[in-house]
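Worksheet: the structure to be examined is printed underneath.
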Amino acid sequence: MGSTTPNSHSFLNLTGGAGTIDPGTKFVISGTPTPALDTATSYSYRIATGTGDQSLLSITSSTQFDASGLTGGAAFTYSVTGDNVGPGNVYLNLTPVPEPATVLGLAAAGLSLAGWVRRVRRHA
């Protein structure tokens with residue numbers, strides 16, 4: 005996953021370790037990206053730096069993210085993670101959600117494989 009530095013809006017500066025972001029924090033994500041988000045691509049945006057090690061930071065609860073204002077945002081899940089490079093960076097990560105047809109296709113393939121294995125075992 006590559007890292008992209010935001011070109012506008014708020015940028016946070018944290019003054020402590022990973023515990024400085026309250027677990028109840030709601031991340032509101034909005035805008036119309038140019039170019040448009042590719043729903044087959046993962047994105048990672050550096051949104052903050054901190055004076056401490058941010059590598060233990062991991063926020064993945066879907067209840068902490070509101071991307072209803074982000075054009076194309078429904079096709080992604082979100083997380084916030086950190087590292088300990090330099091001052092410690094914080095990243096907003098967008099991960100594509102597989103399309104329902106893809107999930108159903110994989111499920112059908114798995115069921116077919118399971119049936120084939122069962123038939124082979126029965127005849128062995």
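Just so you know, we're using the numbering used here here: the sequence shown kicks off at 5 and counts up by one. Ideal placement from N, C-alpha and C gives every residue a C-beta, glycine not left out.
Beta-bridge pairing of residue i - partner residues as DSSP gives them
i: serine 65; result: Its beta-bridge partners do not exist; DSSP assigns none.
i: asparagine 97; result: Ser48 and Ser83
i: aspartate 70; result: Val32
Per-residue burial, residue i [other beta carbons within 10 Å of its own, 16 or more giving buried]
i: serine 62; result: exposed
i: threonine 81; result: exposed
i: leucine 98; result: buried
i: valine 89; result: exposed
i: glycine 92; result: buried
i: alanine 32; result: The question names alanine, but residue 32 in the sequence shown is valine. Classification for valine 32: exposed.
i: leucine 96; result: buried
Closest by C-alpha distance to residue i, when choosing among the options
i: proline 100; options: Pro91, Gly86, Thr43 and Arg50; result: Thr43
i: arginine 50; options: Thr29, Leu74 and Thr85; result: Thr85
i: leucine 41; options: Asp70, Ser116 and Leu74; result: Leu74
i: glycine 36; options: Ser66, Thr53 and Gly77; result: It is threonine, not glycine, that sits at residue 36 in the sequence shown. Nearest C-alpha to threonine 36: Gly77.
i: serine 66; options: Asp87, Pro39, Ser83 and Ser46; result: Ser83
i: alanine 79; options: Ser46, Leu60 and Asp87; result: Ser46
i: alanine 71; options: Thr38, Ser34, Asp87 and Ala52; result: Ser34
Expected contact under 8 Å - CB spacing of residue i and residue j to nearest Å
i: glutamine 58; j: threonine 29; result: Wrong, their Cβ atoms sit about 14 Å apart, outside the cutoff.
i: valine 94; j: glycine 54; result: 7 Å
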